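These notes concern the structure reproduced below.
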Amino acid sequence: KLADFGLASKEKSSTSKKGTISYMCPEILSGEKYNTCASDLYASAVVLFIMLTKNLPFLRAESTDRSYSRILANDWTEFWKIHSSYNSSDFEISDAFKDLFCKMVAIDPEERLTIKQIKNHEWFLGPLPGQEEIALHFAEKQQANKSSVKPAKQGERRTSLKNPAKSQKLKAVSDKQNTRYYKVGNADILMDKIIEFAKKNHYRFKKCPDYFRVILQIEEISKSTFIQMNVLKKPKEDVRC
């Protein structure tokens, strides 16, 4: 089930700017008063895109975003070319879906499809796989994933770092997949170092003013990486990050 699509059920318009940036329509990011229904349908298009391709269509609806800038330029050919280069799905994106997505994320909210129009769209009315076909597909994918994973040697811990010994100067207090904790002496110095690193490598970053958090956006040729670093302070304890 999908839920939490803003305030469309209560208010027809809003200026609230809450939620995840990648799902926000351009009028929300610009601070304008926006139509809540149109903005929620925009967000649902992003969710649908992720479900189909396993990737975000863009990180934020602004001209500085590589993928979204193609939408602003009405260059959909280049937009789909960018995504086809790193599409992790095992099937091609149909022209019907491309048409639906384009119309659901139209820059002008007045031009976006309504729920009624979506339900009458070619892609929405297309054939659906049966229960047996879905079960078979998931079974094949599960088997393929098991076959592609090599068992780790006894005592070996997997890591995405090419050279952990050189990359990790701090000893991890706790280490879980995608989350690591380190003890440091000064949170302010640590945050300054993170920002210094971002500027040196020309990464986009945002430092939240109310607490110790830095969000980095690392863009490569074919994809973008979104990294969030938090520094947690506990009374009479070491600072952790």
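Numbering (full-length UniProt numbering), first residue to last: 1 to 241. Ideal Cβ placement from N, Cα and C applies to all residues, glycine included. Bear in mind the structure is a predicted one, so any value in this text is a computation, not a measurement.
* To do: Give the single residue among Lys33, Ile28, Ser22, Ser63 whose Cα lies nearest to the Cα of Val47.
  => Position 47 of the sequence shown holds residue 47. Selected option, being the one with the closest Cα: Ser22.
* How would you call Leu59, buried or exposed, if buried means at least 16 neighbouring beta carbons within 10 angstroms? -> For the purposes of this step, residue 59 is taken as residue 59 along the sequence shown, with counting starting at 1. Buried: at least 16 other Cβ atoms inside 10 Å.
* To do: Mind checking which residues open and close the alpha helix (DSSP H) that includes Ser69?
  => Counting from one through the sequence shown, the residue named residue 69 turns up at place 69. Run containing Ser69: 66-72, per the alpha helix (DSSP H) assignment.
* **Beta-bridge partners of Ser84, as assigned by DSSP** => The residue you call residue 84 lines up with position 84 of the sequence shown. For Ser84, which the question treats as bridged, DSSP gives no partner whatsoever.
* Option nearest Ala73 by Cα separation, candidates Cys102, Ala96, Ser84, Gly31 -> Your numbering for residue 73 matches position 73 in the sequence shown. Closest by alpha carbon: Cys102.
* If you check the beta carbons only, do Trp123 and Ser94 fall under 9 Å apart? -> For the purposes of this step, residue 123 is taken as the residue at position 123 of the sequence shown. For the purposes of this step, residue 94 is taken as the residue at position 94 of the sequence shown. Result yes, Cβ atoms of Trp123 and Ser94 sit closer than 9 Å.
* Rounded straight-line distance, which links the Cα of His202 to that of Met51 -> Residue mapping note: residue 51 aligns to position 51 of the sequence shown, counting from 1. Residue mapping note: residue 202 aligns to position 202 of the sequence shown, counting from 1. The straight-line gap from Cα to Cα measures roughly 31 Å.
* To do: Could you give the DSSP three-state label for Tyr203: helix, strand or coil?
  => Sequence index remark: in the sequence shown, residue 203 carries index 203 (1-based). If DSSP states are grouped into helix, strand and coil, Tyr203 belongs with coil.
* Are three or more beta carbon pairs between the stretch 131-142 and the stretch 54-69 nearer than 8 Å? -> no
* To do: Kindly indicate which three-state DSSP category Lys12 falls into: helix, strand or coil?
  => The sequence position of residue 12 within the sequence shown is 12, counting from 1. Coil.
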